[in-house]
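S.K.: Take the sequence shown: its letter number 50 is residue 850 in this note's numbering, and every next letter is one higher.
First the structure, which I've put down as structure tokens, then a few questions once you've had a look.
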Amino acid sequence: MNQKHKAGIYEKYVKRLLDICCALVGLVALSPVLLITALLVRIRLGSPVIFCQERPGKDERIFKLYKFRSMSDARDAEGNLLPDEQRLTSFGKTLRSLSIDELPELWCILKGDLSLVGPRPLKVEYLPLYNERQHRRHEVRSGLTGYAQVHGRNAISWEERFELDVYYVEHISFLLDMKIVFQTFFAVLKREGISSETSVTMEPFRGTKE
């Protein structure tokens, strides 16, 4: 039986304050980038400019995640959306490779739905598929970036990704968060791990075979 995570002094009293400060500074400093990106998305991909989707966060509480739209609404003859790889334009790929599409998540941090660092919030439909250990990734607030993102991102398997998430839950600290932030900066510059071997992002999680 896994022991449930207990928040330490850093997580209780410091981490949230740092999140608020970083989100405010980020939103102000990056406001020109946000405005220009919003305009380009409107011109290249149309409306809506912001993609909104429900995701589970801390304690598996559902919240709304905001990102810049990076896919078109291209559909087949029957009106069904085309596969992701056909709807992801070169412009959308650029947004994703530079992680610019994720900048609106600074607002989610300010609201308290996200932290700067933590396990990335995934789809709601994955919740019933997690095993007991994988559920532990929701014992802390989800993050804009995370331990798994700087150790392979979408290029590693789901099982490796979840193990890295749980490692973070078990070792959360100020020094680890700062290390992840700096590693994220270099990972974005190198544009590493954006795609898996079989998908433009990451193939769907279908559960772990015991």
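Every residue gets a Cβ at the ideal spot worked out from N, C-alpha and C, and that includes glycine.
Tell me the DSSP secondary structure of L927 in three-state form.
M.R.: Helix, per DSSP.
S.K.: Along the alpha helix (DSSP H) that carries Y866, what are the first and last residues, could you check?
M.R.: Per DSSP, Y866 belongs to no alpha helix (DSSP H); it is in the beta strand (DSSP E), I862 to F868.
S.K.: S957 to I900, Cα distance in whole Å?
M.R.: When rounded, the distance between both Cα atoms is 24 Å.
S.K.: How about V966 and Q934: are their beta carbons less than 9 Å apart?
M.R.: Yes, they are a contact pair.
S.K.: From what residue to what residue does the beta strand (DSSP E) around T837 run?
M.R.: Segment S831 to R844 is the alpha helix (DSSP H) holding T837; no beta strand (DSSP E) there.
S.K.: Applying the criterion that 16 or more other CB atoms from any shown protein chain within 10 Å of the CB defines a buried residue, is Q803 buried or exposed?
M.R.: Exposed, because fewer than 16 other Cβ atoms sit within 10 Å of the Cβ of Q803.
S.K.: Please classify E902 as buried or exposed, where buried requires at least 16 other C-beta atoms within 10 Å of its C-beta.
M.R.: With 16 or more Cβ atoms within 10 Å of its Cβ, E902 is classed as buried.
S.K.: Only counting the same chain, and skipping five residues up and downstream in sequence, which positions put a Cβ closer than 8 Å to that of V849?
M.R.: Hits under 8 Å: A838, V841, R842, F868 and R869.
S.K.: If contact is defined by three or more beta carbon pairs under 8 Å, each pair taking one atom from either stretch, is the region 822–829 in contact with the region 905–917?
M.R.: Because the criterion of three Cβ pairs below 8 Å is met, the region 905–917 and the region 822–829 touch.
S.K.: Per DSSP, V917 forms a beta bridge with which residues?
M.R.: DSSP output for V917 lists T945 as bridge partner(s).
S.K.: For the region 887–895 against the region 938–957, do three or more pairs of beta-carbon atoms, one drawn from each stretch, fall closer than 8 Å, so that the two count as touching?
M.R.: No, because fewer than three Cβ pairs between the region 887–895 and the region 938–957 fall closer than 8 Å, the two stretches do not touch.
S.K.: Assuming R887 is part of the alpha helix (DSSP H), what are its boundary residues?
M.R.: R887 -> alpha helix (DSSP H) spans D884 to R887.
S.K.: Within 10 angstroms of its Cβ, does V828 collect 16 or more other Cβ (buried), or is it exposed?
M.R.: The residue in question, V828, is exposed, as its Cβ has fewer than 16 Cβ neighbours within 10 Å.
S.K.: Taking the C-alpha atoms as reference points, what is the distance between E963 and L834?
M.R.: Distance between the alpha carbons of E963 and L834: 33 Å.
S.K.: Taking only the alpha-carbon atoms, compute the straight-line gap between F1005 and V814 and give it to the nearest angstrom.
M.R.: Near 33 Å, if we compare the C-alpha coordinates of V814 and F1005.
S.K.: Does DSSP put F891 in a helix, in a strand, or in coil?
M.R.: Looking at F891 - three-state DSSP - the assignment turns out to be helix.
S.K.: Exposed or buried, G879, counting other C-beta atoms within 10 Å across all chains shown (16 or more means buried)?
M.R.: Result: exposed.
S.K.: For Q853, which beta-bridge partners are listed by DSSP?
M.R.: Partner(s): L865.
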